[in-house]
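S.K.: I am attaching a structure below and will ask some questions about it afterwards.
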Amino acid sequence: MKFSDVVIIGGGPAGMSAALAAAEAGVRVTMMDRFSEPGGQLVKQTHRFFGSEHERAGTRGIEIVEILRKQIEENPLIEVKKNTDVLGIYSDRVITFEEDHVYGRMTAGKIIIATGASEKMLQFENNDLPGVYGAGAVQTLMNVYGIQPGQRVLMIGAGNIGLIVSYQLLQAGAQVAAIVEAAPRIGGYKVHASKVRRFGVPIYTKTTIKAALGDHRVTGAVLADMDDKFQIIPGTEREIEVDTICIAVGLAPLSELLVHSGAEMHYVPQLGGFVPVRDEYLETTAPGVYVAGDVSCIEEATAAMLEGSIAGVSAAIASGMNRPELIAKREEFVEQLAILRSGAAGKKIRDGLKLIARREQN
Amino acid sequence: MTGTLESTGIASREMFEKLLPSPERRARGPYIVMECYEEIPCNPCSTSCPFHAVHMDNINDLPQCDIDKCTGCGSCVGRCPGLACFVIDETVGDGKVKITFPYEMVPLPAVGDQVDALGRDGEVVGKAEIVRVLSTEKLDHTSIITMLVDKELLYDARNIRCE
Ligand SMILES: Cc1cc2nc3c(=O)[nH]c(=O)nc-3n(C[C@H](O)[C@H](O)[C@H](O)COP(=O)(O)OP(=O)(O)OC[C@H]3O[C@@H](n4cnc5c(N)ncnc54)[C@H](O)[C@@H]3O)c2cc1C
Ligand code: SF4
Ligand code: SF4
């Protein structure tokens with residue numbers, strides 16, 4: 008069976024950073040992604056990124072991908088398997104996958120799982136009508152294929168994704184009829200909210216969608232007010248005319264492969280769902296299996312890239328590249344990540360991580 | 357308008373006015389206003405300033421601008437991913453002010469155009485004359501536009517409608 012020092016599953020910002028960090032440390036890397044090009048979420052992010060300029064904030068996501076792809080292409084130690092869907096992880100780090108529809112197997116010294124996240128769905132009447140989309144699909148249609156998904160859109164969720172995708176819909180020439188948010192506060196960054204408000208998009212907090220209207224496709228929606236316990240207040244229902252409903256109510260870690268690997272998992276709402284117990288260097292309780300990016304906790308690309316770098320160097324160090332300068336480099340990444348998470352916006356993540364940190368003794 | 361920035365996405369006049377520099381500085385020339393009211397892990401405003409006017413100890417801090425170092429050059433306007441940086445010039449006289457803001461929509465206005473000035477909620481608040489449009493390759497699709505509006509619109513005017 009084919010062997011690679013480090014196999015990375017998922018070629019988003021976390022996976023790409025992990026591949027570069029491990030290969031730069033001198034080990035052989037195989038990175039697998041189910042899509043035809045690596046990039047993950049970043050390939051649809053046409054907006055300038057938040058985060059640290061050091062991790063390329065202020066640059067558009069699509070451009071960050073280009074920079075990372077080029078570095079990966081130029082690195083002879085990295086093999087990229089595209090169109091490769093990883094199916095399972097067995098004991099002794101045997102990985103099974105489908106590459107261009109052909110079944111394959113290989114083994115790895117270390118595995119880094121960087122599979123990202125999947126969108127959460129929302130339950131309401133008629134949510135299976137054509138015209139109801141997830142925010143990821145809307146972004147892919149617009150920004151990858153250049154297709155405008157609808158003329159008049161209702162956005163559900165005022166987190167960063169709901170706000171950013173609303174802005175991108177405006178850029179694509181669509182109208183955004185409203186953004187509704189069940190919580191009393193806008194969850195995303197206020198600068199993003201102000202940006203869409205300036206174009207006349209109303210944001211209704213304490214509001215939800217009760218039903219989609221239409222026979223064969225969406226022609227409208229029923230909105231309703233919510234009380235403090237997130238229950239619909241009867242009698243507040245009203246209709247809004249839209250042809251598209253876009254759901255942006257959050258992401259959940261795509262953690263099935265971590266479960267396969269035998270890593271100990273816990274449900275931590277602050278981190279987005281089922282996530283693995285891990286140590287400071289992102290090794291899970293399954294020996295030699297590391298985690299990085301949104302699958303470790305739903306956060307953002309800067310954090311995903313730093314986690315990728317930490318997991319990549321750590322996997323290399325554990326593979327015998329135990330050099331002082333690599334250990335120093337890893338400490339630097341760990342410190343940058345701690346600084347990034349040190350503010351008010353990082354509190355939820357810090358609280359969640361406390362619950363899931365791998366303790367040395369017990 | 358009722359509600360707060362947290363529930364509406366609109367910063368109040370009081371919040372904005374707290375960001376304004378001293379009257380002397382305002383009378384001297386263009387200055388930056390960073391309408392970034394929430395601590396978020398973000399720093400391109402400070403790293404992009406060619407005059408090192410913007411200070412941040414921790415990436416989560418609010419940007420602190422040494423307004424005497426700020427020349428109003430507008431570099432940060434095109435780099436801020438929150439589109440939250442505006443250059444204001446109150447020295448033009450004639451009851452007018454210039455507001456420089458980032459713009460990422462098509463079509464772009466042309467210099468000399470008379471357009472609707474939009475408020476923080478997207479409603480028309482008055483008229484604006486476009487006096488500068490900067491759209492270079494380096495700016496990478498975030499154009500920097502300067503509009504001339506009545507000075508009463510200092511707080512309100514934050515966007516334009518181009519038809
Ligand atoms: C609308 C939106 C706006 C955002 N804006 C920002 C922002 O401004 N700043 C910021 O820092 N972050 C932002 N983010 C977040 C950022 O995009 C993510 O945090 C980041 O992409 C996570 O990286 P990742 O590598 O962990 O996962 P992903 O980017 O999701 O990559 C995971 C990869 O794994 C692959 N994969 C999954 N399962 C398998 C399998 N079984 N086999 C093979 N391959 C598999 C997928 O195909 C994918 O390519 C935004 C996200 C969204 C949705
Ligand atoms: S306007 Fe120019 S000088 Fe002033 S803070 Fe912005 S980049 Fe710096
Ligand atoms: S770049 Fe913009 S959004 Fe980011 S901290 Fe500076 S002013 Fe705020």
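Heads up: the sequence lines are chains A and B, in that order.
Using our numbering, you'd call the opening residue of the first sequence number 8 and step up by one each time.
Using our numbering, you'd call the opening residue of the second sequence number 357 and step up by one each time.
Every residue, glycine too, gets a C-beta built ideally from N, C-alpha and C.
Every value quoted in this text rests on a predicted model; they were computed, and no experiment measured them.
How is the beta strand (DSSP E) around Leu-490 of chain B delimited, first residue to last?
M.R.: Where Leu-490 of chain B is concerned, the enclosing beta strand (DSSP E) stretches over 480-490.
S.K.: Spatial neighbours of Met-272 of chain A within its chain, please: CB distance less than 8 Å, with the 5 preceding and 5 following residues excluded, ordered by chain position.
M.R.: The residues are Ser-262, Leu-265, Val-266, Phe-281, Val-282, Pro-283 and Val-284.
S.K.: Do Glu-106 of chain A and Thr-91 of chain A have their C-beta atoms within less than 8 Å of each other?
M.R.: Yes, Cβ-Cβ distance for Glu-106 of chain A and Thr-91 of chain A is below 8 Å.
S.K.: At a CB-CB cut-off below 7 Å, which residues of chain A make contact with Arg-363 of chain B?
M.R.: The sequence given here places Ser at residue 363 of chain B; Arg does not occur at that position. Result: Pro-191, Arg-192, Ile-193 and Thr-212.
S.K.: Could you give the DSSP three-state label for Glu-105 of chain A: helix, strand or coil?
M.R.: Correct three-state label for Glu-105 of chain A: strand.
S.K.: Can you find a C-beta in chain B that's less than 8 Å from the C-beta of Lys-202 of chain A?
M.R.: So yes, Lys-202 of chain A belongs to the interface.
S.K.: Put Pro-294 of chain A into one of helix, strand or coil per three-state DSSP.
M.R.: Correct three-state label for Pro-294 of chain A: coil.
S.K.: Considering only DSSP beta bridges, list what Arg-55 of chain A is partnered with.
M.R.: Per DSSP, A:Arg-67.
S.K.: When the Cα of Thr-291 of chain A is compared with those of A:Val-275, A:Asn-329 and A:Arg-365, which residue comes out closest?
M.R.: Of the candidates A:Val-275, A:Asn-329 and A:Arg-365, the one whose C-alpha sits nearest the C-alpha of Thr-291 of chain A is A:Arg-365.
S.K.: Please go through the same chain and pick out, in chain order, the residues whose beta-carbon is closer than 6 Å to the beta-carbon of Phe-10 of chain A, but skip the five residues on each side of it.
M.R.: Excluding positions up to five away in sequence, the list reads Thr-114.
S.K.: Who are the near neighbours of Thr-498 of chain B in its chain, counting only those whose CB is closer than 6 Å to its CB and skipping five residues on each side?
M.R.: Result list for Thr-498 of chain B: Gly-434, Pro-458 and Glu-460, in chain order.
S.K.: Using a C-beta to C-beta distance shorter than 8 Å, which residues of chain E count as neighbours of Phe-56 of chain A?
M.R.: Here the protein chains are A and B, and chain E is not one of them.
S.K.: So the beta strand (DSSP E) Tyr-381 of chain A belongs to, where does it begin and stop?
M.R.: A question about residue 381 of chain A goes unanswered here, because the residues of chain A that appear run from 8 up to 369.
S.K.: Would you say the beta carbon of Val-487 of chain B comes nearer than 7 Å to a heavy atom of ligand 1?
M.R.: No.
S.K.: Please return the same chain residues whose Cβ sits closer than 8 Å to the Cβ of Arg-224 of chain A, not counting the five positions on each side in sequence.
M.R.: Excluding positions up to five away in sequence, the list reads Leu-136, Pro-137, Gly-138 and Asp-250.
S.K.: According to DSSP, is Glu-306 of chain A helix, strand or coil?
M.R.: Glu-306 of chain A falls in the coil class under three-state DSSP.
S.K.: Any heavy atom of ligand 5 closer than 7 Å to the Cβ of Gly-123 of chain A?
M.R.: What this structure holds is ligand 1, ligand 2 and ligand 3, not ligand 5.
S.K.: Should Met-390 of chain B be listed as close to ligand 3, given that the test is whether its C-beta is under 7 Å from any heavy atom?
M.R.: Yes, the beta carbon of Met-390 of chain B sits closer than 7 Å to at least one heavy atom of ligand 3.
S.K.: At least one CB of chain A closer than 8 Å to the CB of Tyr-459 of chain B: is that the case?
M.R.: Not one chain A Cβ lies under 8 Å of Tyr-459 of chain B.
S.K.: My parser needs the alpha helix (DSSP H) runs of 4 or more residues fully inside the stretch 164-193 of chain A; what are they?
M.R.: Qualifying alpha helix (DSSP H) stretches, in chain order: 167-178.
S.K.: Per the contact definition of three or more C-beta pairs closer than 8 Å, is the stretch 309-329 of chain A in contact with the stretch 19-35 of chain A?
M.R.: Enough Cβ pairs lie closer than 8 Å, so yes.
S.K.: Quick check: the stretch 406-422 of chain B against the stretch 445-459 of chain B, are at least 3 beta-carbon pairs closer than 8 Å?
M.R.: As far as the Cβ criterion goes, the stretch 445-459 of chain B does not touch the stretch 406-422 of chain B, which means the pair count is below three.
S.K.: Pick from A:Ala-30, A:Glu-314, A:Thr-66 and A:Lys-117: whose alpha carbon is nearest that of Glu-81 of chain A?
M.R.: Residue A:Ala-30 is the option with its Cα nearest to Glu-81 of chain A.
S.K.: Is the shortest distance between the beta-carbon of Thr-198 of chain A and the beta-carbons of chain B less than 8 Å?
M.R.: The residue asked about is misnamed: residue 198 of chain A is Val in this sequence, not Thr. Chain B contact via Cβ: present.
S.K.: Is the beta carbon of Ile-71 of chain A sitting closer than 8 Å to the one on Phe-56 of chain A?
M.R.: Against a cut-off of 8 Å, the Cβ pair of Phe-56 of chain A and Ile-71 of chain A comes out as a contact.
S.K.: According to DSSP, is Asn-369 of chain A part of a helix, a strand, or is it coil?
M.R.: Here the model assigns Asn-369 of chain A a pLDDT of 42, short of 50, so the residue's position is not dependable, and the following value carries that caveat. DSSP places Asn-369 of chain A in coil when its eight states are reduced to three.
S.K.: For Lys-43 of chain A, count neighbouring Cβ atoms within 10 angstroms of its own Cβ and tell me buried if that reaches 16, exposed if not.
M.R.: Here the sequence assigns Ser to residue 43 of chain A, which means Lys is not the residue at that position. Its Cβ having fewer than 16 others within 10 Å, Ser-43 of chain A is exposed.
S.K.: In whole angstroms, what separates the C-alpha of Arg-382 of chain B from that of Leu-278 of chain A?
M.R.: One C-alpha to the other measures close to 45 Å.
S.K.: Taking Val-36 of chain A as the reference, which of A:Leu-94, A:Lys-117 and A:His-108 has the closest Cα?
M.R.: Nearest of A:Leu-94, A:Lys-117 and A:His-108 to Val-36 of chain A, Cα basis: A:Lys-117.
S.K.: Consider the Cβ of Val-151 of chain A: report whether some Cβ of chain B lies at a distance smaller than 8 Å.
M.R.: Chain B, which has no Cβ nearer than 8 Å to the Cβ of Val-151 of chain A, makes this no.
S.K.: Can you give the beta carbon distance from Ala-228 of chain A to Ile-240 of chain A, rounded, assuming they're within the 8 Å contact cut?
M.R.: Rounded, the Cβ-Cβ distance is 17 Å, inconsistent with contact.
S.K.: So that I know if they touch, is there some Cβ in chain B lying closer than 8 Å to that of Val-208 of chain A?
M.R.: Yes - at least one Cβ of chain B is within 8 Å of the one on Val-208 of chain A.
S.K.: How would you list, in chain order, the residues of chain B whose beta-carbon sits under 9 Å from the beta-carbon of Leu-347 of chain A?
M.R.: Residues of chain B passing the Cβ test: Pro-397, Ile-415 and Asn-416.
S.K.: Quick one: any contact between the stretch 377-392 of chain B and the stretch 322-329 of chain A, if contact means 3 or more CB pairs under 8 Å?
M.R.: Short answer: they don't touch.
S.K.: On the three-state DSSP scale, how would you describe His-267 of chain A?
M.R.: In this structure, His-267 of chain A counts as helix in the three-state DSSP scheme.
S.K.: Measuring CB atoms only, is the stretch 91-101 of chain A touching the stretch 167-180 of chain A, in the sense that at least three cross pairs come out at less than 8 Å?
M.R.: Touching, no.
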